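Here the sequence shown is numbered in full-length UniProt numbering, starting from 1 and rising by one per residue. Notes for the one structure printed next.
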Amino acid sequence: MTTTSLSLTELLAALGTPERVTALKGIRRGIERECLRITPEGTLAQTDHPRSLGSALTHANITTDYSESLLEFITPATDSIESLIEQLGDIHRHTIHHLGEERIWPLSMPCFVGDEESIRLAQYGSSNIGRMKTLYRQGLKNRYGSLMQVIAGVHFNFSMPDSFWCEWQDLVGEGCCSQRFISDKYMGLIRNVYRFGWLVPYLFGASPAICDSFLKGRKSSLPFQKTGKGTLYLPYATALRLSDLGYTNSAQAGLKISHDSLPAYVSSLRRAINTHDPDFARIGVKVNGEYRQLNDNVLQLENELYAPIRPKRTPRSGEKPSDALEQRGIEYIELRTVDVNPFTPFGIEVGQIRFFDLFLVWCLLRPSPVLSDDEVARNRRNQNKVVLEGRRPGLTLEDEQGNAIGLKEYGLKLFDELAEVAALLDRCCGRNRYRETLAMHREKLLDPEQTYSARLLKQLLSSGQDNGCFGDALASRYREEMLAGELQYWDEAYFAGEARDSLAKQRERERSDSLSFDDFLADYFGTRQTTV
């Protein structure tokens with residue numbers, strides 16, 4: 001029997017036998033949470049990344065994203081949801097003690113931004129790799145502007161345990177822990193996230209409003225309404241972060257990144273990295289001795305590709321992500337469509353994590369044929385509808401066959417399938433937590449007012465409050481809570497050691513560089529000319 005002949009129900013039944021079900025224990029998860037540092041006045045912080053936190057280049061848990069003020073908190077992968085939240089909370093609590101009067105912005109869409117020049121590029125020291133990281137950000141600024149780059153999100157990293165893969169492969173007569181099998185199934189998961197990923201912004205989108213400073217006088221075709229002194233919103237929006245207001249690359253519109261298989265994905269990604277773009281060429285690469293971007297291709301690096309979900313493999317030192325994937329296959333999946341949850345200090349809560357477990361296991365086990373061009377376009381239409389008007393009464397989407405279907409009806413139909421996965425995971429764990437989680441989020445389909453986006457917008461409209469005032473008040477409240485809280489997983493010795501070691505690693509990288517920056521870049525991109 002092959003997996004292609006197994007329905008979802010049959011596969012779940014086969015995996016749910018007493019001798020196999022325990023193989024589902026050990027799902028590993030990690031979180032990357034982005035957040036802006038803000039001043040007591042509610043504006044973007046202009047200070048350097050605190051040295052007392054360690055090196056943003058080499059710290060395992062505390063780094064920066066695009067901007068010097070855009071923090072990124074990274075947990076290690078763990079198979080315990082409780083430990084995951086404790087780790088994320090500890091990173092927040094430790095960090096807040098090193099920010100002085102600054103606070104952490106609790107929303108995905110940024111606070112008031114005066115102008116683009118107030119958004120400082122992240123700095124990583126004088127090593128070649130550190131300079132490359134900053135230059136990459138300079139390229140993003142020159143290509144798209146800085147405003148789009150200070151939108152914050154939460155990335156959810158997910159992988160299944162080796163024991164699970166061995167059981168599944170045994171079911172279909174494959175060799176135990178075949179990396180090709182694992183990568184193929186993860187690519188199927190990714191395709192299903194493209195099909196059904198609209199559920200994530202519907203349930204957890206929390207960016208229905210923006211500060212009008214974000215538009216900076218640019219015209220938008222979206223029919224915004226206004227509240228307070230300067231807040232723009234769409235009445236049924238769920239996640240404006242994921243709309244065209246957010247990080248997009250119009251030059252990528254013509255790229256066809258294949259998700260048919262891992263080799264096809266890597267090949268199409270490399271093609272994008274090596275595709276010359278005439279608009280970016282007009283910016284120039286190195287002009288009058290100063291770099292403006294890493295190169296003038298559609299993508300400077302793999303990371304520039306906008307994608308709601310990515311296959312990942314931890315690269316070795318100096319290794320390109322695509323090379324790591326090609327050589328060693330997919331290690332884990334990164335879900336990137338999660339807004340910062342403003343209703344918790346840490347940007348994500350346990351109920352979301354359990355739902356992501358459910359959703360991603362379901363996407364993994366559900367049949368997942370390759371995506372046709374028509375289906376790709378249909379999935380994109382569904383996603384755009386949900387992020388802009390997902391709570392609109394009577395909103396219709398398109399199902400897998402292209403037929404019109406009400407969002408609520410479609411969601412409930414999918415939740416019926418998710419219920420089968422919840423039962424399996426509960427059988428594995430010996431509790432009813434996954435079924436309880438599913439029931440809790442099912443209520444959001446029945447009553448859209450329970451979604452994060454509706455709750456946030458209701459607070460703004462009922463009080464006449466600006467998005468900025470709402471976020472500012474939460475930032476102050478969460479700061480006090482975190483200052484008063486105690487570390488739960490790590491201790492201060494851990495963070496002190498990590499800060500010290502990360503600074504030492506940065507210094508060592510700076511000392512050990514033997515190439516000029518020009519030669520380093522040429523080596524990295526394979527364009528260095530050698531003489532005999």
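The beta carbon of each residue, even a glycine, is placed where N, CA and C say it ideally should be. A quick note: this is a predicted structure, and the numbers were derived from the prediction, not measured.
Taking the DSSP output, what are the residues bridged to Cys35?
Counting from one through the sequence shown, the residue named residue 35 turns up at place 35. Beta-bridge pairing links Cys35 to Leu71.
Can you name the start and end residues of the alpha helix (DSSP H) that Arg316 belongs to?
Stepping through the sequence shown from its first residue, residue 316 is reached at position 316. Neither: Arg316 is in no alpha helix (DSSP H) and is coded neither H nor E.
Excluding the 5 residues preceding and the 5 following Tyr489 in the sequence, name in chain order all residues of the same chain whose CB lies nearer than 7 Å to its CB.
In the sequence shown, the residue the question calls residue 489 occupies position 489. Ser83, Glu86, Gln87 and Asp90, listed in sequence order.
Arg455 to Gly100, Cα distance in whole Å?
Locating residue 455 in the sequence shown gives position 455, counting from the first residue. Locating residue 100 in the sequence shown gives position 100, counting from the first residue. Each residue's alpha carbon lies about 31 Å from the other.
Please tell me whether Leu12 and Glu436 are closer than 8 Å, where the distance is taken between their beta carbons.
As a working mapping, residue 12 is identified with position 12 in the sequence shown. As a working mapping, residue 436 is identified with position 436 in the sequence shown. No, they are not a contact pair.
Taking only three categories from DSSP, how would you classify Val338?
Sequence index remark: in the sequence shown, residue 338 carries index 338 (1-based). It is a strand residue.
Would you mind working out which of Glu19, Pro223, Val387 and Gly54 sits nearest Gly497, comparing C-alpha positions?
Indexing the sequence shown from 1 puts residue 497 at position 497. Of Glu19, Pro223, Val387 and Gly54, the residue nearest in Cα terms is Gly54.
Take Leu515 and list the residues in its own chain whose beta-carbon comes closer than 7 Å to its own, dropping the five residues that flank it on each side.
Here residue 515 refers to the residue found at position 515 when the sequence shown is read from its first residue. These residues qualify, in order along the chain: Asn128 and Asp523.
When you compare only the Cα positions, how much space is there between Leu57 and Ser502?
Taking the sequence shown and counting its residues from 1, the one referred to as residue 57 is at position 57. Taking the sequence shown and counting its residues from 1, the one referred to as residue 502 is at position 502. Approximately 8 Å between the Cα atoms of the pair.
Can you say whether Gln401 is buried or exposed, counting buried as having 16 or more other CB atoms within 10 angstroms of its CB?
Sequence index remark: in the sequence shown, residue 401 carries index 401 (1-based). Under this definition Gln401 is an exposed residue.
Does the distance from the C-beta atom of Cys35 to that of Ala152 stay below 8 Å?
The residue labelled residue 35 in the question sits at position 35 within the sequence shown. The residue labelled residue 152 in the question sits at position 152 within the sequence shown. Contact: yes.
Since Asn379 is in the alpha helix (DSSP H), which residue starts that stretch and which ends it?
On the sequence shown, residue 379 is found 379 positions in, with the first residue counted as 1. That run of the alpha helix (DSSP H) goes Asp373 to Glu389.
Grouping DSSP H, G and I as helix and E and B as strand, with all else coil, what is Arg209?
Counting from one through the sequence shown, the residue named residue 209 turns up at place 209. Per the sequence presented here, residue 209 reads as Ala, with Arg not at that position. Looking at Ala209 - three-state DSSP - the assignment turns out to be strand.
Report the start-end ranges of each alpha helix (DSSP H) in the stretch 51 to 101 that is 4 residues or longer and not cut off at the edges.
As far as the stretch 51 to 101 is concerned, its whole alpha helix (DSSP H) runs of at least 4 residues are 81 to 96.
Over the uninterrupted beta strand (DSSP E) stretch that includes Phe214, give me the two end residues.
On the sequence shown, position 214 is the one that residue 214 refers to. Careful: Phe214 lies outside any beta strand (DSSP E) and carries neither H nor E.
Thinking C-alpha only, which one of Arg143, Met482 and Ser221 is nearest Thr344?
In the sequence shown, the residue the question calls residue 344 occupies position 344. Out of Arg143, Met482 and Ser221, Met482 has the C-alpha closest to the C-alpha of Thr344.
Assign Ser159 to one of three DSSP states: helix, strand, or coil.
Counted from its first residue, the sequence shown places residue 159 at position 159. Note: Ser159 maps to strand in three-state DSSP.
Taking the continuous alpha helix (DSSP H) assigned at Tyr478, which residues delimit it?
Counted from its first residue, the sequence shown places residue 478 at position 478. From DSSP, the alpha helix (DSSP H) with Tyr478 extends over Asn467 to Ala484.
Taking contact to mean 3 or more Cβ pairs, one atom from each stretch, closer than 8 Å, check whether the stretch 105 to 120 and the stretch 379 to 398 are in contact.
Short answer: they don't touch.
Express the C-alpha separation of Asn142 and Asn249 in angstroms, rounding to a whole number.
Taking the first residue of the sequence shown as position 1, residue 249 is located at position 249. Taking the first residue of the sequence shown as position 1, residue 142 is located at position 142. At Asn249, the pLDDT of 49 sits below 50, so the modelled position is not reliable and the matter cannot be decided from this model.
Three-state secondary structure (DSSP) at Leu441?
Counting from 1 along the sequence shown, the entry for residue 441 is found at position 441. Note that residue 441 is His in the sequence shown here, rather than Leu. Here His441 sits in helix by DSSP.
So the beta strand (DSSP E) Ala404 belongs to, where does it begin and stop?
The residue you call residue 404 lines up with position 404 of the sequence shown. Ala404 to Gly406 is the span of the beta strand (DSSP E), which, as asked, contains Ala404.
Distance check for Val340 and Gly347, CA to CA, integer angstroms please.
As a position in the sequence shown, residue 347 is number 347, starting the count at 1. As a position in the sequence shown, residue 340 is number 340, starting the count at 1. Whole-angstrom Cα-Cα distance: 5 Å.
For Asp416 and Met187, what's the separation of their Cα atoms in angstroms?
What you label residue 416 is simply residue 416 of the sequence shown in a count that begins at 1. What you label residue 187 is simply residue 187 of the sequence shown in a count that begins at 1. Spanning the two alpha carbons is a distance of roughly 23 Å.
Return the chain-ordered list of same chain residues with a C-beta closer than 6 Å to the C-beta of Val298, the five sequence neighbours on each side being excluded.
On the sequence shown, position 298 is the one that residue 298 refers to. For Val298, where only same-chain residues beyond five positions count, the Cβ hits under 6 Å are Ala251, Ala272, Thr275 and Asp277.
Please return the same chain residues whose Cβ sits closer than 7 Å to the Cβ of Gly145, not counting the five positions on each side in sequence.
Here residue 145 refers to the residue found at position 145 when the sequence shown is read from its first residue. Answer for Gly145: Glu116, listed in chain order.
Among residues of its own chain, excluding the 5 on either side of Val200, which ones have a beta-carbon nearer than 6 Å to its beta-carbon?
Translated into positions along the sequence shown, residue 200 becomes position 200. Excluding sequence neighbours, Val200 sits near Thr337.
Measuring only the C-alpha atoms, how far is Tyr194 from Ser261?
Numbered from 1 along the sequence shown, position 194 holds the residue referred to as residue 194. Numbered from 1 along the sequence shown, position 261 holds the residue referred to as residue 261. Rounded to the nearest angstrom, the two C-alpha atoms are 14 Å apart.
Relative to the C-alpha of Leu438, which candidate in Asp426, Leu171 and Glu449 has its C-alpha closest?
The residue you call residue 438 lines up with position 438 of the sequence shown. When only C-alpha atoms are compared, the closest one is Asp426.
Straight-line CA distance for Pro393 to Leu446?
The residue given as residue 393 occupies position 393 in the sequence shown. The residue given as residue 446 occupies position 446 in the sequence shown. Computed Cα separation, rounded: 11 Å.
In chain order, what residues of the same chain have a beta carbon less than 6 Å from the beta carbon of Tyr236, not counting five sequence neighbours either side?
Locating residue 236 in the sequence shown gives position 236, where the first residue counts as 1. Once the five neighbours on either side are set aside, the close Cβ partners of Tyr236 are Glu389, Arg391 and Arg392.
Decide if Thr63 is buried, meaning its Cβ has at least 16 other Cβ atoms within 10 Å, or exposed.
Residue 63 sits at position 63 when you count from the first residue of the sequence shown. Buried.
What residue range does the alpha helix (DSSP H) around Leu269 cover?
As a first step, residue 269 must be located in the sequence shown, where it is residue number 269. Looking at the DSSP string, the run of the alpha helix (DSSP H) that includes Leu269 is Leu262 to Ile273.
For Lys133, name the three-state secondary structure that DSSP assigns.
Numbered from 1 along the sequence shown, position 133 holds the residue referred to as residue 133. Helix, per DSSP.
What residue does the beta strand (DSSP E) around Tyr233 start on, and which one ends it?
Against the sequence shown, residue 233 aligns to sequence position 233. That run of the beta strand (DSSP E) goes Thr231 to Tyr233.
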